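Colleague:
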Amino acid sequence: MEPSSYKQLITGRGFKYNYFFSAGHPSKPTILLVHGFPSTSYDWRHQVAFFRKEGFGLIVPDALGYDGTDKPSNPASYKHRGMAADLVDILIAENVDKAIAVGHDWCDLIFCRISEESLKVQNHSRGAVLVSRLANYYPERFLAFAFLAVGYSPPHVGYTYEGTVNLLTQAVGYNPFGYWQFCTEEGAGKVITDHWDSALSLIYPSDPGLWKDHLCPPGAMKAWLQAGKVAPAASYLTEQDREIVTHKLKSNGLDGGLNWYKCTAFRLNVDDDEHIPKTNYAIQQPVFYGGCKADYATPPLVAYHSLNQYCSDLATVEFNTGHWCQLEVPDEVNRELLSWIKNKVAL
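Numbered by the numbering used here, the letters in the sequence shown go through residues 486 to 832 in order.
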């Protein structure tokens, strides 16, 4: 992802976005790739190389709070509706009428709601929730939607943190996002960057099962960092990758990225979600879900209720990976996405 292919845009909300752009063949659609926490557009390097050769256009932004994009300090700036509008502004600037949206990650918040008849476990993650809101607010601008690691997240009216923890613990047997307590603390970003080697080894572990004991339980992530623990590194990150990730994340700080957690934990999205028409909850376009079997923060189990309820044209695959499937098995992810696009999107 050569620096010369990056562009900048001031969106309608006044924020500068940094994004990778590659024009495709006129016969091929453009793919919008949306990353999660703690990540940058660099997370999509394997997909960019693959789909570029296949002739697709590519738009790959650094999300708000990351790398070359602005990092506002107010958590309200990270409302999902506003950030979805930012991404559409980029599509408009590049004269992209309709795109294929692909989202991954957020170290994954999971929302649960109880209906009268059943427990509904709903995924909600950074890249995935923005793609979800693009589907809710701007369905006319997209040909298809793909979700990696985390499934479609319908509007989460009625969300409370405590209720979510209780219901999700019942559903999967443990609390997958106890780390949220740390991520919403003041000073969390400094703790992470001050213990960077420890953080990097926890975020990208060789053994994805590490998350169940040292990321998911409340207090576990902070304790891991403050103790300076370092786990074996994941083989899918080269030394050069580690240096680039360190430069992009540590040098810029993580306060902006952590504001995504604060915005949601403080229920700042609820008013917007309440005004999404119920007719827009369902996705009419083709949907792809790629689950990660060893993802303890977002086990595939929690994705299927919303996917089956709201996505009538659904294709699913589960990868034998931890959370970072697009990094761990990029060839498999690319192959499955391309096959789905060829089958479901008129080329």
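All C-beta atoms in this analysis are idealised placements derived from N, C-alpha and C, irrespective of residue type, glycine included.
Note that the structure is a prediction, hence the values are computed from the model and not measured.
Please give the ranges of any beta strand (DSSP E) in the region 602-690, keeping only runs that are unbroken, at least 3 residues long and fully inside the region.
Modeller: 604-609 and 627-633
Colleague: State the Cα-Cα distance for the pair ILE599 and LEU792, rounded to the nearest angstrom.
Modeller: The count along the sequence shown starts at 1 and reaches residue 599 at position 114. The count along the sequence shown starts at 1 and reaches residue 792 at position 307. Because ILE599 sits at a pLDDT of 25, beneath the cut-off of 50, its placement in the model cannot be relied upon, and the point is left open.
Colleague: Per DSSP, what are the beta-bridge partners of PHE804 in this structure?
Modeller: Your numbering for residue 804 matches position 319 in the sequence shown. Looking at the DSSP assignment, PHE804 forms a beta bridge with CYS777.
Colleague: Between ALA719 and TYR689, how many whole angstroms is the CB-CB distance? I'm expecting something under 8 Å.
Modeller: Position 234 of the sequence shown, counted from the first residue, corresponds to residue 719. Position 204 of the sequence shown, counted from the first residue, corresponds to residue 689. Contact flag correct, Cβ pair sits at about 4 Å.
Colleague: DSSP state of SER512, grouped into three classes?
Modeller: Residue 512 sits at position 27 when you count from the first residue of the sequence shown. Coil.
Colleague: Kindly indicate which three-state DSSP category LEU742 falls into: helix, strand or coil?
Modeller: Within the sequence shown, numbered from 1, the residue matching residue 742 stands at position 257. Reading off the sequence, residue 742 comes out as Gly, not Leu. Here GLY742 sits in helix by DSSP.
Colleague: Put ALA548 into one of helix, strand or coil per three-state DSSP.
Modeller: Translated into the one-based positions of the sequence shown, residue 548 becomes position 63. Looking at ALA548 - three-state DSSP - the assignment turns out to be coil, as it is neither helix nor strand.
Colleague: Between the Cα of VAL650 and those of TRP745, PRO640 and GLN666, spot the shortest distance and give me the residue it belongs to.
Modeller: To locate residue 650, count along the sequence shown from 1; it is residue 165. For VAL650, the nearest C-alpha among the options comes from GLN666.
Colleague: Do TYR637 and ARG516 count as a contact pair if the criterion is CB distance below 8 Å?
Modeller: Within the sequence shown, numbered from 1, the residue matching residue 516 stands at position 31. Within the sequence shown, numbered from 1, the residue matching residue 637 stands at position 152. It should be noted that the sequence gives Ile, not Arg, for residue 516. No, they are not a contact pair.
Colleague: What three-state label does DSSP hand VAL533 in the structure shown?
Modeller: Start at 1 with the first residue of the sequence shown, and residue 533 comes out as number 48. Helix.
Colleague: Can you tell me which of CYS668, SER683, VAL657 and TYR774 puts its alpha carbon nearest to the alpha carbon of VAL587?
Modeller: Reading the sequence shown from its first residue, position 102 is the one you call residue 587. Of the candidates CYS668, SER683, VAL657 and TYR774, the one whose C-alpha sits nearest the C-alpha of VAL587 is TYR774.
Colleague: GLY542 by DSSP, collapsed to three states: which one?
Modeller: Sequence index remark: in the sequence shown, residue 542 carries index 57 (1-based). GLY542 falls in the strand class under three-state DSSP.
Colleague: Rounded to whole angstroms, what's the CA-CA distance from LEU594 to THR783? Just pull it up for me.
Modeller: Counting from 1 along the sequence shown, the entry for residue 594 is found at position 109. Counting from 1 along the sequence shown, the entry for residue 783 is found at position 298. The predicted position of LEU594 is uncertain, since its pLDDT is 34 and thus under 50; a value taken from the coordinates is nonetheless stated next. LEU594 and THR783: Cα-Cα distance of roughly 8 Å.
Colleague: Below 8 Å on the Cβ atoms is my guess for ILE677 versus LEU710; work out the distance and round it to an integer in Å.
Modeller: In the sequence shown, residue 677 corresponds to position 192, counting from 1. In the sequence shown, residue 710 corresponds to position 225, counting from 1. The beta-carbon distance between ILE677 and LEU710, rounded to whole angstroms, is 6 Å. This is short enough to meet the 8 Å contact definition.
Colleague: Alpha carbon to alpha carbon, what distance is there between ASP547 and LYS605?
Modeller: The residue you call residue 605 lines up with position 120 of the sequence shown. The residue you call residue 547 lines up with position 62 of the sequence shown. Residue placement at LYS605 is poorly supported in this model, since its pLDDT is 43, which falls under 50; the coordinates still yield a value, given next. The alpha-carbon atoms of LYS605 and ASP547 are separated by roughly 32 Å.
Colleague: Are LEU543 and PHE505 touching if we call contact CB-CB under 8 Å?
Modeller: Here residue 543 refers to the residue found at position 58 when the sequence shown is read from its first residue. Here residue 505 refers to the residue found at position 20 when the sequence shown is read from its first residue. In contact: LEU543 and PHE505 (Cβ atoms closer than 8 Å).
Colleague: Use the C-beta contact count for THR806: other C-beta atoms within 10 angstroms, 16 or more gives buried, fewer gives exposed.
Modeller: Translated into the one-based positions of the sequence shown, residue 806 becomes position 321. Buried, because 16 or more other Cβ atoms sit within 10 Å of the Cβ of THR806.
Colleague: Taking the alpha-carbon positions, what's the ILE495 to LYS501 distance?
Modeller: Counting from one through the sequence shown, the residue named residue 495 turns up at place 10. Counting from one through the sequence shown, the residue named residue 501 turns up at place 16. In a straight line, the C-alpha of ILE495 is about 4 Å away from that of LYS501.
Colleague: I'd like to check one pair, LEU628 with GLN811: are the Cβ atoms closer than 8 Å?
Modeller: Residue mapping note: residue 811 aligns to position 326 of the sequence shown, counting from 1. Residue mapping note: residue 628 aligns to position 143 of the sequence shown, counting from 1. Against a cut-off of 8 Å, the Cβ pair of LEU628 and GLN811 comes out as no contact.
Colleague: My guess is that TYR781 and CYS701 are in contact by the Cβ rule of under 8 Å, so how many angstroms apart are they, rounded?
Modeller: Counting from one through the sequence shown, the residue named residue 781 turns up at place 296. Counting from one through the sequence shown, the residue named residue 701 turns up at place 216. The Cβ separation is near 6 Å, so the contact holds.
Colleague: Taking LEU753 as the reference, give the member of GLY553, TYR563, HIS510 and ALA534 with the closest Cα.
Modeller: Translated into positions along the sequence shown, residue 753 becomes position 268. If we check each option's Cα against that of LEU753, TYR563 comes out closest.
Colleague: Out of GLY521, ALA620 and TYR623, which one is the CA nearest neighbour of ASP590?
Modeller: What you label residue 590 is simply residue 105 of the sequence shown in a count that begins at 1. Among GLY521, ALA620 and TYR623, the Cα nearest to that of ASP590 belongs to GLY521.
Colleague: So the beta strand (DSSP E) ASN503 belongs to, where does it begin and stop?
Modeller: Here the question's residue 503 lines up with position 18 in the sequence shown. Here the beta strand (DSSP E) through ASN503 covers 501-507.
Colleague: Using only alpha-carbon positions, find the residue among GLU487, ASP574, TYR795 and TRP681 that is nearest to LEU734.
Modeller: Mapped onto the sequence shown, residue 734 falls at position 249. Of the candidates GLU487, ASP574, TYR795 and TRP681, the residue whose Cα lies closest to the Cα of LEU734 is TRP681.
Colleague: Using the DSSP secondary-structure output, state which residues sit across from GLY588 in a beta bridge.
Modeller: Numbered from 1 along the sequence shown, position 103 holds the residue referred to as residue 588. Answer is VAL519 and PHE632, bridged to GLY588.
Colleague: Note the first and the last residue of the continuous beta strand (DSSP E) segment covering TYR491.
Modeller: Within the sequence shown, the letter at position 6 stands for residue 491. Here the beta strand (DSSP E) through TYR491 covers 491-495.
Colleague: Less than 8 Å between the C-beta atoms of SER490 and SER507, yes or no?
Modeller: Indexing the sequence shown from 1 puts residue 490 at position 5. Indexing the sequence shown from 1 puts residue 507 at position 22. A contact, by the Cβ cut-off of 8 Å.
Colleague: Would you tell me roughly how many angstroms separate the C-alpha atoms of HIS732 and LYS675, rounded to the nearest one?
Modeller: If you number the sequence shown from 1, residue 732 lands on position 247. If you number the sequence shown from 1, residue 675 lands on position 190. Rounded to the nearest angstrom, the two C-alpha atoms are 15 Å apart.
Colleague: Applying the 10 Å Cβ sphere with the 16-neighbour rule, what's the burial state of GLN532?
Modeller: Taking the first residue of the sequence shown as position 1, residue 532 is located at position 47. Its Cβ being crowded by 16 or more others within 10 Å, GLN532 is buried.
Colleague: Within the continuous alpha helix (DSSP H) that includes TRP809, where are the two ends?
Modeller: Position 324 of the sequence shown, counting from 1, holds the residue named residue 809. TRP809 -> no alpha helix (DSSP H), and no H or E assigned at all.
Colleague: According to DSSP, simplified to helix, strand and coil, what is ALA718?
Modeller: Taking the sequence shown and counting its residues from 1, the one referred to as residue 718 is at position 233. Strand.
Colleague: For the alpha helix (DSSP H) containing SER791, list its first residue and its last residue.
Modeller: Residue 791 sits at position 306 when you count from the first residue of the sequence shown. Note, SER791: alpha helix (DSSP H), 789-795.
Colleague: Smallest Cα separation from LEU739: which of ALA712, ASP692 and PRO557?
Modeller: On the sequence shown, residue 739 is found 254 positions in, with the first residue counted as 1. Put simply, of ALA712, ASP692 and PRO557 the residue whose alpha carbon is nearest the alpha carbon of LEU739 is PRO557.
Colleague: Can you grab the Cα-Cα spacing for the pair PRO693 / VAL715, in whole Å?
Modeller: Residue mapping note: residue 693 aligns to position 208 of the sequence shown, counting from 1. Residue mapping note: residue 715 aligns to position 230 of the sequence shown, counting from 1. Cα to Cα, PRO693 sits roughly 14 Å from VAL715.
Colleague: Checking 8 Å against the spacing of the C-beta atoms, do LYS778 and GLU803 come in under that value?
Modeller: As a first step, residue 778 is located in the sequence shown; it is residue number 293 there, counting from the start. As a first step, residue 803 is located in the sequence shown; it is residue number 318 there, counting from the start. Cβ distance < 8 Å, so LYS778 and GLU803 count as in contact.
Colleague: Return the CA-CA distance between HIS609 and THR654, expressed in angstroms with no decimal places.
Modeller: By one-based count along the sequence shown, residue 609 stands at place 124. By one-based count along the sequence shown, residue 654 stands at place 169. Confidence at HIS609 is low in this model, with a pLDDT of 45, below 50, so the placement of that residue should be treated as unreliable; the coordinate-derived value is given next. In a straight line, the C-alpha of HIS609 is about 16 Å away from that of THR654.
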